[in-house]
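Encoded as structure tokens, the structure appears first; notes follow it.
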Amino acid sequence: MVYLHMLSPIAALAINVLAQICYCRFVSNKQLLKSLFFGFFCGMFMLFLIEVFYVAQLPSSVLKNIPSVFINIASYSALGYCYFHFVNLGETARRIRMLRELSESKGGLSVDEILERYNAKEIIENRLNRLLKSGQVIYKDNRYYIGKPVMLFMSKMVVFAKRFILGKSSEFD
Amino acid sequence: MSVLVFSLFLTAAAFIIHFIIWKIRLPVHQKSILIYIFSVTLIAGLALLFKFRENISLLGINAPQELHEYFQICIFFISVSLAYMVTYSALEADSPSLVMIMTIANSGKEGLSQKNFGEKINNDTLIIPRLKDTLSEKLAYLKEDKYNLTPKGRIISSIFMIYRKIIKRERKGG
Chain A
2 MVYLHMLSPI AALAINVLAQ ICYCRFVSNK QLLKSLFFGF FCGMFMLFLI EVFYVAQLPS
62 SVLKNIPSVF INIASYSALG YCYFHFVNLG ETARRIRMLR ELSESKGGLS VDEILERYNA
122 KEIIENRLNR LLKSGQVIYK DNRYYIGKPV MLFMSKMVVF AKRFILGKSS EFD
Chain B
8 MSVLVFSLFL TAAAFIIHFI IWKIRLPVHQ KSILIYIFSV TLIAGLALLF KFRENISLLG
68 INAPQELHEY FQICIFFISV SLAYMVTYSA LEADSPSLVM IMTIANSGKE GLSQKNFGEK
128 INNDTLIIPR LKDTLSEKLA YLKEDKYNLT PKGRIISSIF MIYRKIIKRE RKGG
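Those protein sequences? They're chains A and B, same order as listed.
The opening position of the first sequence corresponds to residue 2 in our numbering, with each subsequent residue numbered one higher.
The opening position of the second sequence corresponds to residue 8 in our numbering, with each subsequent residue numbered one higher.
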């Protein structure tokens with residue numbers, strides 16, 4: 002049982018991935034974010050079950066084992082976050098899209114050929130649609146304005162982290 | 008309690024070493040150095056902790072005594088390090104959504120026109136730097152002015168294409 006407790010974050014991640022894939026295949030493949038949340042909570046439920054069984058069969062008090070359970074919850078959350086990023090990379094990363102375009106071509110692609118298939122116009126359109134749909138950006142009188150402040154707040158946090166860690170606010174600084 | 012305290016201590020130590028090195032000088036190969044710092048901290052930290060486990064204590068808490076506790080520390084450390092590394096990759100390059108939001112925010116109450124968008128965010132800022140990254144990260148190589156995938160690039164693109172097929176998302180991402 003102690004080894005199951007030790008490996009519970011990895012077991013929970015496996016359930017997370019399986020549940021997310023099943024959601025996409027059998028419920029809806031259009032609600033990616035929902036599928037990720039569903040997978041994450043299925044994994045967390047699995048983790049919870051393992052931890053309850055583990056703590057219940059120990060002779061020591063429940064309180065004494067809480068820190069060890071907390072570590073597993075934190076480990077699983079970090080692994081779930083990594084999986085979220087993996088899915089997100091396939092969905093939005095420019096490099097992955099370029100690799101896909103190159104893998105589908107025979108004999109490689111020149112810069113112009115890549116730009117014909119994937120370019121800034123497409124990137125802006127895709128993201129603007131998402132931002133407009135979620136109300137983060139508003140379109141009024143042929144101009145764009147900030148709508149809900151959530152994305153702006155997150156962007157400012159990212160810029161702050163960039164300044165703190167990298168000492169610059171943009172890759173072009 | 009010892010697993011929690013020593014897990015946090017080891018993770019904090021890796022982050023402190025990382026921040027100190029970054030403040031002294033930003034490394035050229037940042038991700039490789041980051042992997043190196045976290046790996047060395049984990050291996051050396053666990054080895055020292057295990058060897059001197061009888062004598063080490065932190066905040067009045069003794070070092071873990073059982074082997075499975077060291078595995079638990081290891082899983083926590085690797086999970087948090089991986090989570091930080093994927094976040095770090097996102098910090099290195101400017102995300103298009105972030106650039107768009109900041110560009111609109113900087114235009115203030117006047118807002119931003121479609122034309123201004125094109126002037127400020129274009130292929131030179133969004134596509135060309137990432138294309139260069141594929142060369143520097145050895146995901147692609149140039150042959151007669153054409154980009155071709157390296158075996159590493161082919162493996163990575165296959166992983167994502169297979170995964171997207173499994174979840175039935177045929178639309179190209181990006």
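No residue lacks a Cβ here, since even glycine has one placed at the ideal position from N, Cα and C.
Take the alpha-carbon of B:L98 and the one of B:R176: they are about 27 Å apart. The contact set of B:Y43 on chain A, defined by CB atoms closer than 9 Å, is empty, because the minimum CB distance reaches about 17 Å.
For A:I147, the enclosing beta strand (DSSP E) starts and ends at R144 to I147. The C-beta of A:N17 has 16 or more other C-beta atoms within 10 Å across all chains shown, which makes the residue buried.
For B:K179, there is no enclosing alpha helix (DSSP H), since its DSSP letter is neither H nor E.
Here A:K163 is buried: its Cβ has 16 or more other Cβ atoms, across all protein chains shown, within 10 Å.
For B:Y91, the enclosing alpha helix (DSSP H) starts and ends at L74 to E99. Under the 9 Å criterion on CB atoms, A:S111 is classed as interfacial with respect to chain B.
In the DSSP assignment, A:K141 is bridged to A:R144. From the beta-carbon of A:Y82, the residues of chain B found nearer than 7 Å are A90. Looking only at B:V12, B:I162, B:K58 and B:L41, the smallest Cα-Cα distance to B:I80 is reached by B:V12. Within the same chain, Y119 come within 8 Å of A:R98 by CB-CB distance, once the 5 residues on both sides are set aside. Short of 8 Å from the beta carbon of B:G160, and not among the five residues preceding or following it, lie these beta carbons of its own chain, in chain order: T141, K145, L146 and A147. Fully enclosed alpha helix (DSSP H) runs of no fewer than 4 residues occupy 103-113, 121-127, 130-133 and 135-143 of the segment 92-148 of chain B, in order along the chain. Beyond the five residues adjoining it in sequence on each side, A:L33 comes within less than 8 Å, by CB distance, of C25, V88 and E92 in the same chain, given in chain order. Taking each of B:H36, B:T94 and B:G115 in turn and checking the Cα distance to A:I147, the smallest one comes out for B:G115. Annotated as distal: A:L37 and B:A90, with beta-carbon spacing of 9 Å or more. Between the alpha carbons of A:K149 and B:G180 lies a gap of roughly 25 Å. With respect to chain A, the C-beta atom of B:L105 has a partner C-beta closer than 9 Å.
B:L49 is bridged by DSSP to nothing; it lacks a bridge partner. In the DSSP assignment, B:K153 falls within the beta strand (DSSP E) that extends over K153 to L156. A:N120 has no beta-bridge partner at all, per DSSP. Residue range S9 to C23 is occupied by the alpha helix (DSSP H) that includes A:L19.
B:F22 is the residue among B:N155, B:L149, B:P71 and B:F22 whose C-alpha sits nearest the C-alpha of B:L41. By the neighbour-count criterion, in which 16 or more other beta carbons inside 10 Å mark a residue as buried, B:E76 falls on the buried side. Residues are counted here when their Cβ sits less than 7 Å from a Cβ of chain A; for the segment 74-85 of chain B these are H75, F78, Q79, I82 and F83, given in chain order. Excluding five sequence positions before and after B:F16, the CB atoms of its chain that fall closer than 8 Å to its own CB belong to L65, given in chain order.
Under the three-state reduction of DSSP, B:L33 is assigned to coil, being neither helix nor strand. Rounded to whole angstroms, B:A70 and B:P136 show a C-alpha spacing of 47 Å. Runs of the alpha helix (DSSP H) lying entirely within the segment 74-129 of chain A, each at least 4 residues long, are 95-104 and 112-118 in chain order. Closer than 9 Å to the CB of B:R60 there is not a single CB belonging to chain A. Excluding five sequence positions before and after A:G136, the CB atoms of its chain that fall closer than 7 Å to its own CB belong to G148 and K149, given in chain order.
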